[in-house]
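Notes to accompany the following structure.
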Amino acid sequence: MSAESFDRYERQLVLKGFGNVAQMKLHNAKVLVIGAGGLGCPALQYIVAAGVGTVGIVDHDSISTNNLHRQILYSTNDIGKSKAETARLHLQALNPEITIQSHVVKLVKSNVLKLISSYDFILDCTDNFDSRYLINDACLLLKKPLIFAAVSDYQGQLAIFNVSDEFGVAVNYRDLFPIPPKPGEVPNCEENGVLGVLPGIIGTMQAAELIKLITNLKGALINKLLTYDLLTQQIYHIEISNAEPGSYPKPSMKDFENSEQVDAAVAEIEVAAFKHLLEEGNTCIIDVRELHEFPKLNGFAYKQIPMSILDEDSLNGISETNVVFVCQHGIRSLHAAELFHDQSDLNKRFYSLKGGVARWKVALKELELIL
Amino acid sequence: MRINLLSFGSLTEIVESGLINDNDLTDSDALKDYLLKNHPEIADKKFVMAINKTVIRENTNLTDLDTVAILPPFSGG
């Protein structure tokens with residue numbers, strides 16, 4: 017270890033139970049952080065600072081103003097820039113001694129195995145169930161240790177999956193929740209809001225679990241689900257065991273092959289295509305955000321059907337051929353488009369505005385399409 | 036039978052944590068029926084149940100002053 021490295025890590029090198037051996041384990045580890053948002057930012061900062069040798073960052077999104085209250089790796093000057101690449105630049109300045117790789121891609125079935133296979137440990141720092149189940153199944157198939165974290169309102173969840181305990185038992189997310197919730201069944205942070213410190217705390221705890229796991233420190237959350245409550249500052253652990261065989265489909269390589277068509281089934285459109293559809297006419301715009309969300313759409317006719325009440329009957333009476341769903345970040349609108357796309361009897365085309373209002377705020381304002 | 040119910044996440048909007056006192060709550064299925072009857076909105080919610088901090092997979096006997104946690108999935112990040 018160089019003199020500079022010794023200086024950098026000195027406070028953990030002298031820590032009882034840590035030392036040079038643990039530091040070398042960190043140095044040799046390759047860690048992939050999926051999602052550079054509320055959880056990913058603090059997790060990344062501590063992972064990089066601690067000296068994990070290779071760190072990958074996956075995020076296809078760009079930085080919005082309303083990210084900054086919790087994603088404090090970014091600054092106001094970064095608005096509009098790529099999260100993964102901006103994170104890489106800031107983190108490389110924090111620790112130039114390690115390798116940091118950014119992957120500006122949307123995680124889908126066709127690329128998840130390739131991305132994950134180059135790393136030893138995976139952190140799920142995403143914000144939606146599609147990604148969480150995709151990451152879980154890919155990690156289960158490739159037997160990759162997965163450190164899972166998620167938040168809701170004032171609480172957070174944390175667990176380690178695919179790591180065997182002393183009895184050789186390893187669990188995964190589907191042992192807790194075998195089948196994904198339906199779109200809109202569980203509210204997300206955009207609908208319910210979140211205090212910035214909560215993902216800060218949970219993301220930092222996620223980094224702590226990773227460091228414990230890599231360096232074989234005692235007490236890692238193997239086969240346990242931790243729930244943290246910000247209001248009471250209480251922590252509750254439960255023990256997870258394997259679900260009954262047949263409770264959920266076991267992932268196979270086949271599930272991740274030939275998936276391009278599935279990924280492309282619902283058209284995600286950029287703002288230019290959105291404008292084109294508006295001009296073309298025969299297009300119904302549906303805002304699936306909750307009633308309290310801002311900015312409101314303006315300058316064209318649209319229907320507001322919040323995701324919390326959207327169901328299969330919601331489109332009855334809509335005569336237009338094109339239906340474009342819109343929400344804040346393009347996640348709920350994609351769910352909505354997928355929900356209706358599956359009903360092939362409807363002679364309609366469904367679209368989702370990619371990145372939502374947040375991403376296109378400036379462009380939509382120029383088009384005078386939002387207040 | 037006194038059951039110490041711990042409710043988490045969005046489930047707290049449907050059923051609050053607290054002591055439930057009901058002689059019929061002899062097992063986890065009876066507790067689920069009790070929750071469905073008194074809080075029908077819970078039928079649409081996914082959650083995992085843990086008795087005294089251990090996840091249960093099938094109907095399990097309850098004893099007086101057991102702690103039963105109901106935890107929904109979180110997706111936010």
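Chains as they are written, first to last, in the working numbering: chain W, 17 to 387; chain Y, 36 to 112. Even for Gly, the Cβ is constructed at its ideal location relative to N, Cα and C. Everything numeric in this text was worked out from a predicted model, so none of it was measured.
Using a Cβ cut-off of 8 Å (strictly closer), state whether residue i contacts chain Y.
i, result
"Tyr252/W", "yes"
"Cys141/W", "yes"
"Ala100/W", "no"
"Ala280/W", "Bear in mind that the predicted position of Ala280/W carries a pLDDT of just 45, short of 50, making it unreliable; the figure below should be weighed with that in mind. False, the Cβ-Cβ gap to chain Y never drops below 8 Å."
"Gln277/W", "Unreliable positioning characterises Gln277/W in this predicted model, as indicated by a pLDDT of 41, which lies under 50. The coordinate reading is nonetheless provided below. It does not: the Cβ of Gln277/W has no partner Cβ on chain Y nearer than 8 Å."
"Gly33/W", "no"
"Val210/W", "yes"
"Phe193/W", "yes"
"Pro199/W", "no"
"Val202/W", "yes"
"Pro112/W", "no"
"Pro215/W", "yes"
For residue i, go through chain Y and note every residue whose CB falls closer than 7 Å to its CB, in chain order.
i, result
"Thr248/W", "Within chain Y, no residue comes near Thr248/W; the closest Cβ sits about 10 Å away, beyond 7 Å."
"Gly148/W", "In the sequence as presented, Gly is not what sits at residue 148/W; that position holds Arg. Those within 7 Å of Arg148/W in chain Y are Ser110."
Which one or two residues does DSSP pair with residue i in a beta bridge?
i, result
"Met84/Y", "Ile105/Y"
"Leu174/W", "Ala165/W, Leu242/W"
"Ile285/W", "Leu369/W"
"Lys319/W", "Ile302/W"
"Ile254/W", "Leu241/W"
"Lys46/W", "Thr70/W"
"Arg37/Y", "Asn56/Y"
"Leu139/W", "Val49/W, Ile163/W"
"Ser98/W", "Ser78/W"
"Ser118/W", "Ile73/W"
"Phe341/W", "Ile302/W, Ser368/W"
"Val90/Y", "Ala85/Y"
"Ile386/W", "Leu313/W"
"Asn363/W", "Asn363/W pairs with nothing; no bridge assigned."
I need the straight-line Cα distance from residue i to residue j, nearest angstrom please.
i, j, result
"Val278/W", "Asp143/W", "Here the model assigns Val278/W a pLDDT of 42, short of 50, so the residue's position is not dependable, and the following value carries that caveat. In a straight line, the C-alpha of Val278/W is about 21 Å away from that of Asp143/W."
"Arg365/W", "Ile63/W", "44 Å"
"Leu106/Y", "Leu71/Y", "15 Å"
"Leu107/W", "Gly112/Y", "20 Å"
"Lys46/W", "Thr70/W", "5 Å"
"Ser80/W", "Thr115/W", "26 Å"
"Val74/W", "Ala165/W", "16 Å"
"Ile302/W", "Gln320/W", "6 Å"
"Asp77/W", "Ala100/W", "8 Å"
"Leu129/W", "Phe145/W", "18 Å"
"Gly184/W", "Ile95/W", "46 Å"
"Ile251/W", "Ser147/W", "26 Å"
"Asn314/W", "Lys381/W", "9 Å"
"Asp99/Y", "Val167/W", "32 Å"
"Asp245/W", "Ser110/Y", "16 Å"
"Asp140/W", "Val30/W", "30 Å"
"Gly56/W", "Val287/W", "27 Å"
"Leu131/W", "Thr243/W", "29 Å"
List, in chain order, every chain W residue whose beta-carbon is nearer than 8 Å to that of residue i.
i, result
"Thr89/Y", "Ile254, Glu255, Ser257"
Could one say the Cβ of residue i lies closer than 8 Å to chain W's Cβ atoms, at least one of them?
i, result
"Val50/Y", "no"
"Gly111/Y", "yes"
"Val83/Y", "yes"
"Gly44/Y", "yes"
"Leu40/Y", "no"
"Ala78/Y", "no"
"Arg37/Y", "no"
"Ile55/Y", "no"
Enumerate in chain order the residues of its own chain whose CB-to-CB distance from residue i is below 6 Å, with the five nearest sequence positions on each side excluded.
i, result
"Ala283/W", "Tyr367"
"Met40/W", "none"
"Gln28/W", "Phe34"
"Gly372/W", "Cys343, Gln344, His345, Gly346"
"Gly333/W", "none"
"His308/W", "none"
"Ala223/W", "Ala59, Tyr62, Ile63"
"Tyr318/W", "Ile301, Asp303"
"Tyr149/W", "Pro196"
Which same chain residues end up closer than 7 Å to residue i when comparing Cβ atoms and leaving out the 5 residues on each side of it in sequence?
i, result
"Leu156/W", "Asn178, Asn188, Pro267"
"Lys97/W", "Ser78, Ile79"
Looking only at its chain, what residues have a beta carbon closer than 8 Å to the beta carbon of residue i, apart from the 5 residues adjacent to it on each side?
i, result
"Leu60/Y", "Met36, Ile38, Leu66, Tyr69, Leu97"
"Asp101/Y", "Ile38, Asn39, Ile86, Asn87"
"Met323/W", "Pro199, Gly200, Glu207, Val304, Arg305, Glu306, Cys343, Arg348, His351, Ala352"
"Leu241/W", "Gln173, Leu174, Ala175, Leu192, His253, Ile254, Ile256"
"Asn58/Y", "Met36"
Which chain Y residues are close to residue i, counting only those with a beta carbon under 9 Å from its beta carbon?
i, result
"Phe145/W", "Pro108, Ser110"
"Ser168/W", "Phe43, Gly44, Ser45, Pro107, Pro108, Phe109, Ser110, Gly111"
"Glu260/W", "Arg92, Glu93"
Just the chain Y side, please: which residues come within less than 8 Å of residue i by C-beta, in chain order?
i, result
"Gly54/W", "Gly111, Gly112"
"Gln171/W", "Phe43, Gly44, Phe109"
Confirm the yes/no value for this check: CB of residue i, any heavy atom of the ligand ATP, distance under 7 Å.
i, result
"Gly111/Y", "In the structure on display, the ligand ATP does not appear, and there are no ligands present to speak of."
Please list, in chain order, the chain W residues whose beta carbon lies closer than 9 Å to that of residue i.
i, result
"Ala104/Y", "Thr243, Tyr252, Ile254"
With 8 Å set as the bound, which would you pick, yes or no: does the beta-carbon of residue i sit closer than that to a beta-carbon of chain A?
i, result
"Gly51/W", "Among the protein chains of the structure shown, namely W and Y, there is no chain A."
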